[in-house]
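These protein sequences, in sequence, are chains V and H.
Just so we're aligned: 212 in full-length UniProt numbering is position 212 of the first sequence, and the numbers increase by one with no gaps anywhere.
Just so we're aligned: 26 in full-length UniProt numbering is position 26 of the second sequence, and the numbers increase by one with no gaps anywhere.
All C-beta atoms in this analysis are idealised placements derived from N, C-alpha and C, irrespective of residue type, glycine included.
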Amino acid sequence: MAKLMSLLWGAGSPPCWRVMITLEEKKLQGYKRKLLSFEKGEHKSQEVLEVNPRGQLPAFKHGDIILNESCATCLYLENQFKSQGIRLIPDSAEDQAATYQRMMEGLALTDKLNSVIYYDCSVPEEERHDSAVKRNKEALTAELKLWEGYLENVAAGSYLAGAFSLADVIVFPSIACAFRFGLSVGRYPKLAKYYSLLKNRASIKTTWPPHWVASPQGYDILKDL
Amino acid sequence: MAKAMTLLWATGSCPCWRVMIALEEKSLQGYNQKLLSFDKMEHKSQEVLDINPRGQIPTFKHGDNVINESYAACFYLESQFKTQGTKLIPDGPAEQALVYQRMFEGLTFYEKLTAVIYYEWYVPEGERHESALKRNKEALVTELKLWESYLQKLGSGSYLAGPSFTLADVVVFPTVGTLFRFGLSPERYPKLGEYYNLLKERPSVKASWPPHWLENPKGQDTLKDI
């Protein structure tokens, strides 16, 4: 099964990480993979464009099937391999509602994080404004406080939607990025607890961004949030 | 079933429209609903904040289950009511993959649209730049050409993910509807025009068509030159 799968990915990219965590959770280790460099512009190479005309990573193939949106890939893997590995979408209406809800809210979290961390990459110099940076930081702070509230009762086995689920697969990489970029453990204790509980989960440990292992010290863009 | 459901919505909101189409397709007519006004800032009212701390609509409740993300509500409805109404997610791997892929690309499509038509709503006056709006329009054109090519490959009369109507159409059609409402040229984008004409006749789409579009059939022409 996994032998028919291949993934083009970039280190530290939450969308790539989501797919890799899912592959581990669904016991699909052994898939082919190739690490590409964003810095060298390899995500815009012919190799990627042939799989993903958008020139974005992850780019995932299962036989002739192509999936280039991380959430789409995760949903596909969970549904096609429902009976193997961990169940990532619960059956009960209540738990399912919570899983889908937090999953999709996770995309808002990623966007708000990107709007702060990658502001200079995405906004040309002559269009940048301190007021925009300030507003983006305020929006991210409000967003993080929401998640701090969602994780009020976080404990081992009790995550975003109860037991570990697709919500955690989608959201954890962005939480990990936030701490990598200097988010204060003291100011966000529930998020910090969530982070420390899950960072040792097998699927997450195995797929931890290699350059984060190599250089544990991150950045401090978010330290004052 | 539908009696235990409540939707707070606004006319012309794509996320709200997605959920309404899904409810129709799953034969869940008869749900409780309340039309709110963005102009009167009713999306920030206590009524909404009690259900959705983000102060956004749609807000959707099924009994005690609260789902405020349109895609989440659509996935939930398809999963919980799999055996009634239209089957919105196919089982076959290739078909299913394409539905999910187009659904999530649909989020990008919607973002690129709103970056143009709602530019002034999102960006405070002191931060607006002609160069930014120009870039946003170029990005939307690139995105439109991609969707034209997707429809071109599938052939006339097809839906977004193949020969059948799926959840991809539920979540993306509202964006297409909005494009033409804001003046997109069907001559320049014939495949999207064909798709629009096909879907606008579908009962679930007709039943949930934004009421103010019916009251004022003439839309805007923001996109006529792109």
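Through-space distance from residue j to residue i, alpha-carbon basis
| i | j | result |
| --- | --- | --- |
| H:Gly46 | V:Ser122 | Just to set this straight, residue 46 of chain H is Gln in the shown sequence, not Gly. Those two C-alpha atoms are separated by around 35 Å. |
| V:Leu222 | V:Lys112 | 12 Å |
| H:Lys137 | H:Phe182 | 13 Å |
| V:Asp224 | V:Leu144 | 13 Å |
| V:Gly149 | H:Pro53 | 11 Å |
| H:Thr200 | V:Ile204 | Checking the sequence, you will find Lys at residue 200 of chain H rather than Thr. H:Lys200 and V:Ile204: Cα-Cα distance of roughly 45 Å. |
| H:Leu133 | H:Lys112 | 11 Å |
| V:Ser158 | H:Asn65 | 18 Å |
| V:Asp91 | H:Phe38 | 35 Å |
| V:Gly182 | V:Gln217 | 9 Å |
| V:Glu94 | V:Ala178 | 29 Å |
| V:Lys27 | V:Phe172 | 19 Å |
| H:Pro217 | V:Ala98 | 39 Å |
| residue 257 of chain H | H:Tyr118 | With chain H covering 1 to 226 only, the question about residue 257 of chain H has no answer from this structure. |
Chain V residues whose Cβ lies nearer than 8 Å to that of residue i
| i | result |
| --- | --- |
| H:Pro93 | His62, Ile65, Tyr76, Gln80 |
| H:Gly126 | His129, Ser131 |
| H:Tyr71 | Tyr100, Met104 |
Continuous beta strand (DSSP E) stretch holding residue i: start and end
| i | result |
| --- | --- |
| H:Gln33 | 32–35 |
| V:Ser115 | Element bounds for V:Ser115: not the beta strand (DSSP E) but the alpha helix (DSSP H), 93–117. |
| V:Gly149 | Note, V:Gly149: premise wrong, no beta strand (DSSP E); alpha helix (DSSP H) at 130–150. |
| V:Leu36 | 32–36 |
| H:Asn136 | Where H:Asn136 is concerned, there is no enclosing beta strand (DSSP E), although the alpha helix (DSSP H) it sits in stretches over 130–154. |
| V:Gly10 | 5–10 |
| H:Val66 | 65–67 |
| H:Lys44 | Segment: none, H:Lys44 is in no beta strand (DSSP E) and carries neither H nor E. |
| V:His62 | 59–62 |
Proximal chain V residues relative to residue i, where beta-carbon distance stays under 7 Å
| i | result |
| --- | --- |
| H:Pro174 | Within chain V, no residue comes near H:Pro174; the closest Cβ sits about 16 Å away, beyond 7 Å. |
Neighbouring residues, chain H, relative to residue i (Cβ below 8 Å)
| i | result |
| --- | --- |
| V:Leu146 | Pro53, Arg54 |
| residue 237 of chain V | Missing from the structure shown is residue 237 of chain V; chain V here goes from 1 to 225 and no further. |
| V:Pro53 | Leu146 |
| V:Glu39 | Here the premise fails: no neighbours, minimum Cβ distance about 23 Å. |
| residue 235 of chain V | Since the first residue of chain V shown is 1 and the last is 225, residue 235 of chain V is not available in this structure. |
CB contact flag (residue i, residue j, <8 Å)
| i | j | result |
| --- | --- | --- |
| V:Leu7 | H:Tyr100 | no |
| H:Ser156 | H:Ile21 | no |
| V:Ile69 | H:Phe104 | According to the sequence shown, residue 69 of chain V is Glu rather than Ile. Yes. Within cutoff. |
| H:Gly162 | H:Leu154 | yes |
| V:Gly85 | V:Glu25 | yes |
| V:Ala161 | V:Ala167 | yes |
| H:Leu214 | H:Leu179 | no |
| H:Phe165 | H:Thr86 | yes |
| H:Ala73 | H:Pro58 | yes |
Endpoints, alpha helix (DSSP H) assigned at residue i
| i | result |
| --- | --- |
| V:His211 | 210–214 |
| H:Phe81 | Where H:Phe81 is concerned, there is no enclosing alpha helix (DSSP H), given that its DSSP letter is neither H nor E. |
| V:Lys225 | Note on identity: in this sequence residue 225 of chain V is Leu, with Lys being the wrong assignment. First-last for V:Leu225: undefined, no H or E at that position. |
| V:Ile175 | 166–180 |
| H:Met103 | 93–117 |
| V:Lys205 | 202–206 |
| H:Lys61 | Where H:Lys61 is concerned, there is no enclosing alpha helix (DSSP H), although the beta strand (DSSP E) it sits in stretches over 59–62. |
7 Å Cβ cut-off: residues of chain H touching residue i
| i | result |
| --- | --- |
| V:Met1 | The contacting residues do not exist; V:Met1 stays about 11 Å from chain H at best. |
Check: residue i C-beta below 7 Å from any heavy atom of the ligand FMN
| i | result |
| --- | --- |
| V:Arg201 | The ligand FMN is not part of the structure shown, which contains no ligands of any sort. |
Could you please tell me which residues of the segment 11–24 of chain V, in chain order, have their CB closer than 8 Å to any CB of chain H?
-> none
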